[in-house]
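S.K.:
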Amino acid sequence: KQEVTQIPAALSVPEGENLVLNCSFTDSAIYNLQWFRQDPGKGLTSLLLIQSSQREQTSGRLNASLDKSSGRSTLYIAASQPGDSATYLCAVNQGAQKLVFGQGTRLTINP
Amino acid sequence: DAMVIQNPRYQVTQFGKPVTLSCSQTLNHNVMYWYQQKSSQAPKLLFHYYDKDFNNEADTPDNFQSRRPNTSFCFLDIRSPGLGDAAMYLCATSRDRTGSHEQYFGPGTRLTVT
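As given, the protein sequences belong to chains D and C, one line each in that order. Per my numbering, the very first residue in the first sequence carries number 1; after that it's consecutive. Per my numbering, the very first residue in the second sequence carries number 1; after that it's consecutive.
Right, here's the structure in full:
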């Protein structure tokens, strides 16, 4: 059974810092991995999708990497801003588009 | 422009009183999903529709049902809500079930059971 773990569970950093969020998964037989952002009480916003054949994807200040063989992905956020404060979730697609989510990392950017 | 729309955004129901949550999409995607997310937990897939083909997760309680009358709409019915069913319910869509496509999520419906 696939298990997805995100470390740390919570992170607080000063504005302007670069930071890395971690995601690990136990079964490397995945189709893709998706990073989401969730604001309190809201739905999920897709940030980046990495296919299993890809090593990384970039969107603006965000860069996600995938090492399928070791079961790891990272989300790098450059020059963090208070508006980046949210919970970040990673999810792996195991086929039939069934996503298995991690518990999330709650990120706080302090002005 | 909203692509996945959920109504209502907040729903309060009484213990045991049936409730229906609604999801609609403007993306013309083949697949629609319902997830349950309890407080501070990861979203958990309840079931999904691939076109008209319903796919239930093995551990989804019988209390939860779904209908998809057409491509655009999908409903989640909770026949007899219990206090443990209080959660955020998230609807998502994807173009198809092959591995390459993103899932797009709606804003969610927060269900309170009194």
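Glycine included, every Cβ here is placed at the ideal spot set by N, Cα and C.
(1) Between the alpha carbons of C/Pro61 and D/Leu47, how many angstroms are there, rounded?
(2) Determine, for C/Ser66, whether the minimum Cβ-Cβ distance to residues of chain D falls below 8 Å.
(3) Among D/Asp27, D/Ala78 and D/Ser80, which residue has its Cα nearest to the Cα of D/Asp67?
(4) Which same chain residues end up closer than 6 Å to D/Ala78 when comparing Cβ atoms and leaving out the 5 residues on each side of it in sequence?
(5) CA-CA distance, C/Gly108 and C/Thr98?
(6) Closest to C/Arg110 by CA distance: which of C/Phe54, C/Asp51, C/Lys52 and C/Leu90 is it?
(7) Who are the neighbours of D/Phe25 on chain C, taking C-beta pairs under 8 Å?
(8) Under 8 Å, Cβ to Cβ, is there at least one residue of chain D near C/Tyr104?
(9) What are the partner residues of C/Met32, as DSSP defines its beta bridges?
(10) Does any residue of chain C have a CB that is nearer than 8 Å to the CB of D/Asn22?
(11) Hey, how far is the Cα of C/Met32 from the Cα of D/Thr74?
(12) With distances taken Cα to Cα, identify the nearest neighbour of D/Gln97 among C/Gln25, C/Glu57, C/Cys23 and C/Pro18.
(13) At which residue ranges does the segment 6 to 42 of chain D contain complete beta strand (DSSP E) runs of 3 or more residues, listed in the order of the chain?
(14) For C/Ser72 and D/Pro111, what's the separation of their Cα atoms in angstroms?
(15) Anything in chain D within Cβ reach of C/Gln41, meaning under 8 Å, just list it in chain order.
(16) Does C/Gly16 have its Cβ less than 8 Å from a Cβ in chain D?
(17) Mind listing, in chain order, the continuous beta strand (DSSP E) runs of no fewer than 3 residues lying wholly within the segment 35 to 110 of chain D?
(18) Under a Cβ-count criterion, where at least 16 other Cβ atoms within 10 Å of its own Cβ denotes burial, should C/Val12 be classed as buried or exposed?
(19) Would the segment 64 to 84 of chain C and the segment 3 to 14 of chain D be scored as touching if the rule is three or more Cβ pairs under 8 Å?
(20) Spatial neighbours of D/Pro14 within its chain, please: C-beta separation below 6 Å, excluding the five flanking residues on both sides.
(21) Cβ of C/Pro61 less than 8 Å from any chain D Cβ?
(22) Of all the options C/Gln6, C/Gln36, C/Tyr49 and C/Ala42, which has the alpha carbon lying nearest to the alpha carbon of C/Gly84?
(23) Within this structure, are the beta carbons of D/Asn32 and D/Leu44 separated by less than 8 Å?
M.R.: In this structure, then:
(1) Here the question's residue 61 of chain C lines up with position 61 in the second sequence. Here the question's residue 47 of chain D lines up with position 47 in the first sequence. Near 31 Å, if we compare the C-alpha coordinates of D/Leu47 and C/Pro61.
(2) Taking the second sequence and counting its residues from 1, the one referred to as residue 66 of chain C is at position 66. Taking Cβ atoms only, chain D never reaches closer than 8 Å to C/Ser66, which makes this a no.
(3) As a position in the first sequence, residue 67 of chain D is number 67, starting the count at 1. For D/Asp67, the nearest C-alpha among the options comes from D/Asp27.
(4) Numbered from 1 along the first sequence, position 78 holds the residue referred to as residue 78 of chain D. Once the five neighbours on either side are set aside, the close Cβ partners of D/Ala78 are Asn18 and Arg61.
(5) Within the second sequence, residue 108 of chain C is the residue found at index 108, counting from 1. Within the second sequence, residue 98 of chain C is the residue found at index 98, counting from 1. Computed Cα separation, rounded: 24 Å.
(6) Within the second sequence, numbered from 1, the residue matching residue 110 of chain C stands at position 110. Selected option, being the one with the closest Cα: C/Leu90.
(7) Locating residue 25 of chain D in the first sequence gives position 25, counting from the first residue. Near D/Phe25 there are no residues of chain C at all, since even the closest Cβ is about 13 Å away, more than 8 Å.
(8) As a first step, residue 104 of chain C is located in the second sequence; it is residue number 104 there, counting from the start. Taking Cβ atoms only, chain D reaches closer than 8 Å to C/Tyr104, which makes this a yes.
(9) Walking along the second sequence from the start, residue 32 of chain C turns up at place 32. In the DSSP output, where bridge partners are listed per residue, C/Met32 has C/Tyr49 and C/Thr93.
(10) Against the first sequence, residue 22 of chain D aligns to sequence position 22. No - not a single Cβ of chain C is within 8 Å of the one on D/Asn22.
(11) Here residue 32 of chain C refers to the residue found at position 32 when the second sequence is read from its first residue. Here residue 74 of chain D refers to the residue found at position 74 when the first sequence is read from its first residue. Cα-Cα distance, rounded: 28 Å.
(12) In the first sequence, the residue the question calls residue 97 of chain D occupies position 97. The residue with the shortest Cα to Cα distance from D/Gln97 is C/Glu57.
(13) Under the rule that a run must span 3 or more residues, the beta strand (DSSP E) segments found entirely inside the segment 6 to 42 of chain D read 10 to 14, 19 to 25 and 32 to 38.
(14) Sequence index remark: in the second sequence, residue 72 of chain C carries index 72 (1-based). Sequence index remark: in the first sequence, residue 111 of chain D carries index 111 (1-based). Taking the straight line from one Cα to the other gives about 42 Å.
(15) As a working mapping, residue 41 of chain C is identified with position 41 in the second sequence. In chain order: Gln103.
(16) Against the second sequence, residue 16 of chain C aligns to sequence position 16. Cβ-Cβ to chain D under 8 Å: no for C/Gly16.
(17) 44 to 51, 56 to 59, 62 to 67, 72 to 77, 86 to 93, 99 to 101 and 105 to 110
(18) Residue mapping note: residue 12 of chain C aligns to position 12 of the second sequence, counting from 1. Result: exposed.
(19) no
(20) Along the first sequence, read from residue 1 onward, the residue named residue 14 of chain D stands at position 14. Asn110, listed in sequence order.
(21) Taking the second sequence and counting its residues from 1, one reaches residue 61 of chain C at position 61. So no, C/Pro61 is outside the interface.
(22) Position 84 of the second sequence, counted from the start, is the residue given in the question as residue 84 of chain C. Ranking the options by Cα distance to C/Gly84, first place goes to C/Gln36.
(23) Residue numbering aside, residue 32 of chain D sits at position 32 when the first sequence is read from its first letter. Residue numbering aside, residue 44 of chain D sits at position 44 when the first sequence is read from its first letter. No, they are not a contact pair.
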